[in-house]
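Enquirer: My questions will all concern the structure given below.
Numbering (this note's numbering), first residue to last: 940 to 1184.
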């Protein structure tokens, strides 16, 4: 465990991962509301039409057809995890593949029972990122959507990894372990991390003892009874990041 302060703030999440797995993602939190809550986070676009990164209060969407772009306040996030990232000491890291990065993060945790925000700034030697295509009604489960995901392989790209480490007891509510998105510094590419190797970078980790879960109230969500039975479904849709956590 690391000797670091616990942030006097909360990690806030809208919706639960098992709802996406069940195809219940009709509604969401507005970008405006997410920005009011925090300045750091990850999520997905309306109708699963891409991956979202919240960096220093700016919200970017990574979609299939265009480079990453800033989102407008009125756009909707059917799943988002957001917080205020405090000032924390950065640690240099080099030559870490995803499994090694995950191990390094977990050695630095204050406690495996707390949420932690994770930020990595630097150069990735290689990475594989994904984005998903926008869905139409009736919405398909996330596991079917990711079967058609668009993957991009990156080499020697400078940018930022943003995400969270969540305790195992929250699997199904969120992604237990490490869940990371990437945004290139030049805003040319980004998405959900499936695999990554760090060349040289700085790592910042912040811990949180408060978790604020906000649930949808649309009719689809309210009428869909959610159960969490098989963790392998989450490993399958999250790819390397979940498998390595």
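Backbone N, C-alpha and C fix where the C-beta goes; we use that ideal spot for every residue, glycine too.
Note that this is a predicted model, so its numbers are computed, not measured.
Over what stretch of residues does the beta strand (DSSP E) that includes residue 1090 continue unbroken?
Expert: Numbered from 1 along the chain shown, position 151 holds the residue referred to as residue 1090. Element bounds for residue 1090: 1089 to 1105.
Enquirer: Between the C-alpha atoms of residue 1002 and residue 1040, what's the straight-line distance to the nearest angstrom?
Expert: Taking the chain shown and counting its residues from 1, one reaches residue 1002 at position 63. Taking the chain shown and counting its residues from 1, one reaches residue 1040 at position 101. The alpha-carbon atoms of residue 1002 and residue 1040 are separated by roughly 26 angstroms.
Enquirer: Going by C-alpha to C-alpha distance, which of 959, 988 and 951 sits closest to residue 972?
Expert: Taking the chain shown and counting its residues from 1, the one referred to as residue 972 is at position 33. For the residues 959, 988 and 951, the minimum Cα distance to residue 972 belongs to 951.
Enquirer: By Cβ distance below 6 angstroms, which residues in the same chain neighbour residue 1079 in space, the five residues on each side in sequence not counted?
Expert: In the chain shown, the residue the question calls residue 1079 occupies position 140. Result list for residue 1079: 962, in chain order.
Enquirer: Looking only at its own chain, which residues have a Cβ that is under 7 angstroms from the Cβ of residue 1085, when we skip the five neighbours before and after it?
Expert: Residue numbering aside, residue 1085 sits at position 146 when the chain shown is read from its first letter. Cβ within range, chain order: 1071 and 1176.
Enquirer: Buried or exposed: which applies to residue 1160, given that a residue is buried once 16 or more other Cβ atoms fall within 10 Å of its Cβ?
Expert: Start at 1 with the first residue of the chain shown, and residue 1160 comes out as number 221. Residue 1160 should be labelled buried.
Enquirer: Take the Cβ of residue 1155 as the centre, count every other Cβ of all protein chains shown within 10 Å, and call the residue buried at 16 or more, exposed below.
Expert: Taking the chain shown and counting its residues from 1, one reaches residue 1155 at position 216. Burial call: buried.
Enquirer: Would you kindly check if the distance between the Cβ of residue 1011 and the Cβ of residue 1060 is under 7 angstroms?
Expert: As a position in the chain shown, residue 1060 is number 121, starting the count at 1. As a position in the chain shown, residue 1011 is number 72, starting the count at 1. No.
Enquirer: In terms of residue numbering, what span does the alpha helix (DSSP H) encompassing residue 1043 cover?
Expert: Translated into the one-based positions of the chain shown, residue 1043 becomes position 104. Segment 1037 to 1046, the alpha helix (DSSP H) holding residue 1043.
Enquirer: Considering Cα atoms alone, identify which of 958, 992, 1057 and 1034 is closest to residue 1128.
Expert: Taking the first residue of the chain shown as 1, we reach residue 1128 at position 189. If we check each option's Cα against that of residue 1128, 992 comes out closest.
Enquirer: Can you tell me where the alpha helix (DSSP H) with residue 1145 in it begins and where it stops?
Expert: Position 206 of the chain shown, counting from 1, holds the residue named residue 1145. Here residue 1145 belongs to no alpha helix (DSSP H); instead the beta strand (DSSP E) covers 1129 to 1153.
Enquirer: Just how far apart, CA to CA, sit residue 1181 and residue 1158?
Expert: Residue mapping note: residue 1181 aligns to position 242 of the chain shown, counting from 1. Residue mapping note: residue 1158 aligns to position 219 of the chain shown, counting from 1. The pLDDT assigned to residue 1181 is 44, lower than 50, so where the model puts this residue is not dependable, and the model offers no usable value.
Enquirer: Do you know how far the Cα of residue 1138 is from the Cα of residue 1112?
Expert: Stepping through the chain shown from its first residue, residue 1112 is reached at position 173. Stepping through the chain shown from its first residue, residue 1138 is reached at position 199. Each residue's alpha carbon lies about 32 angstroms from the other.
Enquirer: Indicate whether the contact test is met: 3 or more Cβ pairs, each with one atom in the region 1005 to 1020 and one in the region 1088 to 1099, closer than 8 angstroms.
Expert: Contact fails: fewer than three Cβ-Cβ distances are below 8 angstroms.
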